[in-house]
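Comments concern the structure below.
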Amino acid sequence: MEDSATRAIERGLAWCGPIFIVTMITCWAVMGHNIPPPNMMAMTPEQLVSDYYGKYPSIGPGMIGAATFGLFYTMWSCLLAKLMREENGSFGVLSMMELSGGILTGWLFAFCSAMWAACAVLVHQVSPEIIKMVHTFTWFIFDCTYMITTMQMVAMGLFTILNKKQTMFPAWAGWVSIAVGLSFIALVLMPFVTEGPFTVPGLWNFWLIFNTWIFAFFGVYNFYVLKHVYKAPEAQARAAGRALTA
Amino acid sequence: MKPIDRSLSLAWMGLIALTLISFAAAETLIDRRLALACIFAIAALKGQLVAASFMEVGRALPHWSALYRVWIIGIAIMLAAGNVV
Amino acid sequence: MTSDKRSSGARTPPGTDGIWTFVFIDMIVFSLFFAVYLSERLRLPGVFAASQSHLDPKFGLVNALILLTSSLFVAEAVAAARLGKATLVRARLALALACGAMFSASKLTEYVGKFAAGITPVTNSFYSLYFLLTMIHFLHVLAGMVFIAHCLGRARVEAGLTVFVAKLENTGLFWHFVDLLWLFLFPLLYLAGPK
């Protein structure tokens, strides 16, 4: 493949990041009425149907939209993995951890959104207990497998900090990535509490975690990735800490 | 055990004393607002002592020195104010 | 072994910029935890007051004294490393580790007591925050003990070398931060409740 084609693809993949943020906010958060999500552990099945799925017809289409655009996160992560290669161009363990986390996180967004779409579409056809069961089960999968994304963020953070030759990402972004990834640990409380900051819509487990993840991690790395992919090839190689091959 | 650096030992003694004073203030002061002001003021003082003597923030780059000291004071004020309400 | 130039009083910052950055970001994270704590306390003052009265402040006091003493030992180890005194470095780090072990025993005893009384992280908001804050702090203590143990293992060969001094300074900075956190957790959780 010609260099110009490769660069065009990489720039396209870089833009998958901002597209992911905009579409997920639109589809999952706004249309899906997840600002904040319903506090399912404190709701009866009937309440979940009457106050959420049965009340907002946009949830179904919103979740299908989220299922479509969820994998844009994975495409962006593939580009990250390429940027995180070793000096000799090989994919090191941090690159693979990042890619694994990106694949699984993107899959989670798509899969869980599809499950919630099913709840929305079938809300008047199955019992409220089944709706709550599927809704809750999906949130447990979405939130409690946080280690998927923690792994990705720690890998990116370690690459940023430990690879002294790269100048694509500043060191502080690496530390922030690790800190935000590790702060997800509070999600272990989510299944067991019905009120307070650690519920699904809680101050910590929703507002802080989601916003820090979007703005302090994803937004920051998006910015530097976009900056990087528009550099000339020689500048890109230097920034990545790799010598340009003849 | 002979101290390696006398200033460190003195700082430690001060920290232990302040900790015990803080504990006593919390247990004995009847006026709750006064007790809160005392314990968090002492916490801020202890924090500055740890930062200066053990962390050596005075030798850190100026921005770190400032940020760390401000964090200690800021957190003490935030916690005191938040508990008074 | 040559003495590090820091021991001569040269004003080079202790540790590397990375650890100062990491500790500061950790400070920000705990600031957010504290803000969430205060927000919940404002929402549920009765729950917080009643729950705090079940905490034994003597546990908090003992842990504070242990951590302050361990910080002294770590600071002394750094001073000894700058002078290339391997034996003193090892002695002080061993004492710091012993303090860490005592803190761990105290913390676990306190947790076991809580669980035995039927109090868990999901009992109410106060206990969710109490357990989360102290457990995350405890994880920091355990991580610090690992770093200290590593430095203890390397001290015999490396004490006095610039790279070891920097490593120990980094470890020390992290450990003192762990101590600093408890300086605020102790009054917040154990002392600030109504009597």
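Protein chains in written order, with the numbering used here: chain A, 1331 to 1576; chain B, 195 to 279; chain C, 478 to 672. Ideal Cβ positions, reconstructed from N, Cα and C, are used throughout, including at glycine.
- By alpha-carbon distance to C1449 of chain A, the top candidate from A:V1464, A:A1440, A:G1436 is A:V1464.
- Under the 8 Å Cβ criterion, the region 1526 to 1533 of chain A does not count as touching the region 219 to 236 of chain B, having fewer than three qualifying pairs.
- Straight-line spacing of the CA atoms in K644 of chain C and A218 of chain B works out to 38 Å.
- The Cβ of W1502 of chain A sits closer than 8 Å to at least one Cβ of chain C.
- Between H617 of chain C and M249 of chain B, the C-beta spacing is not below 8 Å.
- Non-local beta-carbon contacts of A526 of chain C in its own chain, meaning distances under 8 Å to residues more than five positions away in sequence, involve G670, P671 in chain order.
- Assignment of D503 of chain C by DSSP, reduced to helix, strand and coil, places it in the helix class.
- By the rule that beta-carbons nearer than 8 Å mark a contact, S516 of chain C touches chain A.
- If you ignore the 5 residues before and after S583 of chain C, its C-beta comes within less than 8 Å of the C-beta of F536, V539, N540, I543, all in its own chain and listed in chain order.
- In summary, the residues of the region 654 to 668 of chain C whose CB is separated from some CB of chain B by less than 7 Å are D656, L657, L660, F661, P664, L665, L668, in the order they occur in the chain.
- For the region 1446 to 1483 of chain A, the continuous alpha helix (DSSP H) assignments of 4+ residues that do not extend past its boundaries occur at 1458 to 1474, in sequence order.
- Going by DSSP, S548 of chain C is part of the alpha helix (DSSP H) stretching over 534 to 559.
- Selection A:F1399, A:M1498, A:I1339 evaluated against W1437 of chain A yields A:F1399 as nearest (Cα-Cα).
- Two segments are said to touch when three or more pairs of C-beta atoms, one from each, lie closer than 8 Å; by this definition the region 619 to 631 of chain C touches the region 571 to 580 of chain C.
- Per DSSP, the continuous alpha helix (DSSP H) segment holding L204 of chain B begins and ends at 200 to 222.
- Look at H627 of chain C here: in three-state DSSP terms it is helix.
- Excluding sequence positions up to five before and after P534 of chain C, its CB lies within less than 8 Å of the CB of Y667, L668, all in the same chain and listed in chain order.
- Taking 8 Å as the upper bound for CB-CB distance, T1490 of chain A and S1507 of chain A are in contact here, some 7 Å apart.
- With a 10 Å radius around the Cβ and a threshold of 16 neighbouring Cβ atoms, D494 of chain C comes out exposed.
- Secondary structure in the region 1362 to 1417 of chain A: the alpha helix (DSSP H) runs of 4 residues or longer, each lying completely within the stretch, are 1375 to 1378, 1389 to 1399, 1402 to 1413 in chain order.
- L645 of chain C does not reach chain A, its nearest Cβ partner there being about 19 Å away, counting only Cβ pairs nearer than 8 Å.
- Two segments are said to touch when three or more pairs of C-beta atoms, one from each, lie closer than 8 Å; by this definition the region 595 to 605 of chain C does not touch the region 624 to 636 of chain C.
- DSSP places K644 of chain C inside the alpha helix (DSSP H), whose first and last residues are 639 to 662.
- In this structure, G1362 of chain A lies away from W1406 of chain A, with their beta-carbon atoms at least 8 Å apart.
- The beta carbons of D656 of chain C and L545 of chain C sit closer together than 8 Å.
- Under the 8 Å criterion on CB atoms, F1545 of chain A is classed as non-interfacial with respect to chain C.
- Chain-order list of chain A residues neighbouring T611 of chain C: empty, with the shortest C-beta distance near 13 Å, by a criterion of under 7 Å.
- Assignment of H614 of chain C by DSSP, reduced to helix, strand and coil, places it in the helix class.
- Around the Cβ of A245 of chain B, a 10 Å sphere holds 16 or more other Cβ atoms; the residue is buried.
- Rounded to whole angstroms, V1559 of chain A and G1571 of chain A show a C-alpha spacing of 15 Å.
- Relative to the Cα of V251 of chain B, the nearest Cα in the group C:I502, C:W497, C:F510, C:S528 belongs to C:W497.
- Judged by beta-carbon spacing, G241 of chain B lies within the 8 Å limit of L660 of chain C, meaning their Cβ atoms are closer than that value.
- The distance from the Cβ of T1524 of chain A to that of A1372 of chain A is about 4 Å, consistent with a contact at the 8 Å cut-off.
- Chain order gives the chain C residues near A1516 of chain A as L609, where near means a beta carbon separation below 8 Å.
- Between I1539 of chain A and F1514 of chain A, the C-beta spacing is below 8 Å.
- By the rule that beta-carbons nearer than 8 Å mark a contact, S508 of chain C touches chain B.
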